[in-house]
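Colleague: If you read the protein sequences in the order shown, they are chains A and B.
The opening residue of the first sequence carries number 22 in this note's numbering; numbering runs sequentially from there.
The opening residue of the second sequence carries number 124 in this note's numbering; numbering runs sequentially from there.
Positions of the beta carbon are idealized from the N, C-alpha and C atoms, including for glycine.
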Amino acid sequence: ELKVEQNPLFLSMQEGKNYTIYCNYSTTSDRLYWYRQDPGKSLESLFVLLSNGAVKQEGRLMASLDTKARLSTLHITAAVHDLSATYFCAVTTGTASKLTFGTGTRLQVTL
Amino acid sequence: DSGVTQTPKHLITATGQRVTLRCSPRSGDLSVYWYQQSLDQGLQFLIQYYNGEERAKGNILERFSAQQFPDLHSELNLSSLELGDSALYFCASSARGLPSTDTQYFGPGTRLTVL
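#1: In whole angstroms, give me the CA-to-CA distance for B/K180 and B/F168.
#2: Which value, in whole angstroms, describes the spacing of the CA atoms of B/L199 and A/G37?
#3: Report buried or exposed for A/L30, applying the criterion of at least 16 other Cβ atoms within 10 angstroms of its Cβ.
#4: Starting from A/I42 and walking both ways along the beta strand (DSSP E), at which residues does that stretch end?
#5: Looking at B/R219: is its Cβ nearer than 8 Å to the Cβ of B/S202?
#6: Evaluate A/A111 with the Cβ neighbour count: other Cβ atoms within 10 Å of its Cβ, from every protein chain shown; 16 or more gives buried, anything less gives exposed.
#7: Sorted by chain position, which residues of the same chain lie with C-beta nearer than 8 Å to B/T226's C-beta, five sequence neighbours on each side aside?
#8: Let's test the definition: count the other Cβ atoms within 10 Å of the Cβ of A/L120 and tell me whether it reaches 16, buried, or not, exposed.
#9: Please state whether the Cβ-Cβ distance between A/Q129 and A/S33 is less than 8 Å.
#10: Check each residue of the segment 80-96 of chain A: if its Cβ is closer than 8 Å to any Cβ of chain B, include it; give the result in chain order.
#11: How big is the Cα-Cα spacing for B/S147 and B/P231?
#12: Looking at C-alpha atoms only, which residue of B/Y172, B/L134, B/V237, B/N182 is the closest neighbour of B/Q144?
#13: For B/L221, which of helix, strand or coil comes out of DSSP?
#14: With DSSP as the reference, label A/D87 as helix, strand or coil.
#15: Consider the Cβ of A/L104: report whether some Cβ of chain B lies at a distance smaller than 8 Å.
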């Protein structure tokens, strides 16, 4: 059974600091997704990583994928308050389209 | 706004009752997915439809059923409701339901409270 783990579960960081969220998964996959969720809201697609070594950047967020290590990272550069949200990674395996989600990382950026 | 719509936004009902959640996918998307988000289980895949046909099933209870209609909207039916069914139910859609090319876009969700 595919398991997806994220750490940390909660991250409190100061504005201007850098940090990384980690996403590990248990079986072979080369498709990994990052989503953002604001409290009580829907999930917003951030990144789709489709191959080993893939790196994508949007603003202060950069995501990467290492399929050999079964690891994806979401790096936050110079955090700002607007980035406060819960971030989920999700994986699909084989020919299945269903997303298996990690536990989520709640990010709180303080002034 | 993802373009996926869900109704109702909130639903409060009693144990033992039956409810129907509705989802309209983004224009042009053929595949619809249902997910449940709860505090204890996290985000879980329930079921996927593609162009009216069931394509994949996840941890969906026998008390739950879904269908996708010819106009591609989908309904999730929850019956004999229990307190533990209280959760946020999301619908997502994608163009073709193919994992190698598709991104799933999520609707705003329906918050179900069972009293």
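Modeller: According to the structure data:
#1: For this step, residue 180 of chain B is matched to residue 57 along the second sequence. For this step, residue 168 of chain B is matched to residue 45 along the second sequence. C-alpha separation (whole angstroms): 8 Å.
#2: Within the second sequence, residue 199 of chain B is the residue found at index 76, counting from 1. Within the first sequence, residue 37 of chain A is the residue found at index 16, counting from 1. So the alpha carbons of these two residues sit roughly 44 Å apart.
#3: As a working mapping, residue 30 of chain A is identified with position 9 in the first sequence. So A/L30 counts as exposed.
#4: Within the first sequence, the letter at position 21 stands for residue 42 of chain A. Note, A/I42: beta strand (DSSP E), 40-46.
#5: Counting from 1 along the second sequence, the entry for residue 219 of chain B is found at position 96. Counting from 1 along the second sequence, the entry for residue 202 of chain B is found at position 79. For B/R219 and B/S202, no; Cβs fall outside 8 Å.
#6: In the first sequence, the residue the question calls residue 111 of chain A occupies position 90. It counts as buried.
#7: Counting from one through the second sequence, the residue named residue 226 of chain B turns up at place 103. Taken in chain order, the residues that qualify are S217.
#8: To locate residue 120 of chain A, count along the first sequence from 1; it is residue 99. When all chains shown are included, A/L120 counts as buried.
#9: Counting from 1 along the first sequence, the entry for residue 129 of chain A is found at position 108. Counting from 1 along the first sequence, the entry for residue 33 of chain A is found at position 12. In contact: A/Q129 and A/S33 (Cβ atoms closer than 8 Å).
#10: Within the segment 80-96 of chain A, no residue has a Cβ lying closer than 8 Å to any Cβ of chain B.
#11: Residue mapping note: residue 147 of chain B aligns to position 24 of the second sequence, counting from 1. Residue mapping note: residue 231 of chain B aligns to position 108 of the second sequence, counting from 1. If I take the Cα positions, the gap works out to 11 Å.
#12: Taking the first residue of the second sequence as 1, we reach residue 144 of chain B at position 21. This sequence places Leu at residue 144 of chain B; Gln is not what is there. For the residues B/Y172, B/L134, B/V237, B/N182, the minimum Cα distance to B/L144 belongs to B/L134.
#13: Walking along the second sequence from the start, residue 221 of chain B turns up at place 98. Three-state DSSP puts B/L221 in coil, outside helix and strand.
#14: Reading the first sequence from its first residue, position 66 is the one you call residue 87 of chain A. Secondary structure of A/D87 (DSSP, three-state): strand.
#15: Reading the first sequence from its first residue, position 83 is the one you call residue 104 of chain A. No, A/L104 lies away from the interface with chain B (no Cβ there is under 8 Å from its Cβ).
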